[in-house]
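Numbering (this note's numbering), first residue to last: 16 to 249.
So the structure is just underneath, and the comments pick up after that.
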Ligand code: TMP
Ligand code: ASP
């Protein structure tokens, strides 16, 4: 598959066109940002790890009936994916209180939620991705009512599948962010599934093994990513 023009460069990935208009190449970078880009840095080896992890987890989800944009791995840091029309929505699922939920509602970090919480955010860095309700998403024309229902159903299923898989690897899936898009009116899971977009804690010690080590200057960032790769790929 030939890599053509750079279509888009985000904070953690570059997207290239290919000679097939329905497919693009997603190339994972080592660069990391936090706080809407206010904090910038590099996590050595992150691009390759997030590519491998995403490829593996997309395959795993496919085997459980979730349609994803993933086609195949192309190189250490890149994968071939379907070109999607992305929803301007970030979908967050939470099992344990952490991050913005703790700040916003004063719930103690680590509190197990009585049921998973599904949240939608408007994907707009200039507005700091404000939280929106289902009704905002529909009213703003970001997705139809049927699409919101389908996306919610996928997110809940993905949570169950990933949470169980990770628990068997001694990892708690604290929360995670998903992005969906469409091609020919079919909804696919897009973007990535990695320690950049999920919170993973060790079951026993509750040690953070994700991007929070970078966000909170906890040190041991690279080794946390390597540990996740080792546990997930076995
Ligand atoms: P939050 O607690 O900061 O709202 O984050 C919830 C989850 O979403 C967490 O697993 C990290 C992920 N996330 C992203 O992937 N990108 C983002 O820009 C933010 C703010 C969070
Ligand atoms: N992705 C966000 C940013 O670049 C922040 C985060 O992941 O915490 O600022």
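Quick reminder that beta carbons are idealized off the backbone N, C-alpha and C, glycines included.
Backbone secondary structure at residue 155 - three-state DSSP: Taking the first residue of the chain shown as 1, we reach residue 155 at position 140. In this structure, residue 155 counts as coil in the three-state DSSP scheme.
Residues bridged to residue 100 (per DSSP): Taking the first residue of the chain shown as 1, we reach residue 100 at position 85. Beta-bridge pairing links residue 100 to 197.
Reduced DSSP secondary structure (H/G/I, E/B, other) of residue 1: Outside the displayed span of the chain (16 to 249) sits residue 1, for which this structure offers no information.
Span separating the alpha-carbon of residue 18 from that of residue 117: Residue numbering aside, residue 18 sits at position 3 when the chain shown is read from its first letter. Residue numbering aside, residue 117 sits at position 102 when the chain shown is read from its first letter. Within the model, the alpha-carbon separation for residue 18 versus residue 117 is close to 42 Å.
With 16 other Cβ atoms within 10 Å as the buried cut-off, status of residue 34: Within the chain shown, residue 34 is the residue found at index 19, counting from 1. It is exposed - the Cβ of residue 34 has fewer than 16 other Cβ atoms within 10 Å.
Beta-carbon proximity check, residue 287 vs residue 203, cutoff 8 Å: Outside the shown range of the chain, which is 16 to 249, sits residue 287, and nothing can be said about it.
Close Cβ partners of residue 214 (< 6 Å) along its chain, the five nearest in sequence each way excluded: As a position in the chain shown, residue 214 is number 199, starting the count at 1. Closer than 6 Å at Cβ, skipping near neighbours: 113, 189, 190 and 225.
Environment of residue 212 [buried if 16+ CB atoms lie within 10 Å]: What you label residue 212 is simply residue 197 of the chain shown in a count that begins at 1. Classification for residue 212: buried.
heavy atom of the ligand TMP below 7 Å from residue 171 C-beta: Working through the chain shown from its first residue, we reach residue 171 at position 156. Flag unset: Cβ of residue 171 not near the ligand TMP.
Burial state of residue 105, where buried means 16 or more other Cβ atoms lie within 10 Å: The count along the chain shown starts at 1 and reaches residue 105 at position 90. A buried status is given to residue 105, since no fewer than 16 other beta-carbon atoms sit within 10 Å of its beta-carbon.
Residue 60 and residue 45 closer than 8 Å at C-beta: On the chain shown, position 45 is the one that residue 60 refers to. On the chain shown, position 30 is the one that residue 45 refers to. Taking 8 Å as the cut-off, the Cβ atoms of residue 60 and residue 45 count as close.
C-beta atoms of residue 31 and residue 38 nearer than 8 Å: Counting from 1 along the chain shown, the entry for residue 31 is found at position 16. Counting from 1 along the chain shown, the entry for residue 38 is found at position 23. Not closer than 8 Å, so no.
Uninterrupted alpha helix (DSSP H) stretches inside the segment 43-90 (no shorter than 4 residues): Taken in chain order, the whole alpha helix (DSSP H) runs of length 4 or more contained in the segment 43-90 are 61-77.
Heavy atom of the ligand TMP within 7 Å of residue 212 beta-carbon: Locating residue 212 in the chain shown gives position 197, counting from the first residue. Residue 212: yes, Cβ under 7 Å from the ligand TMP.
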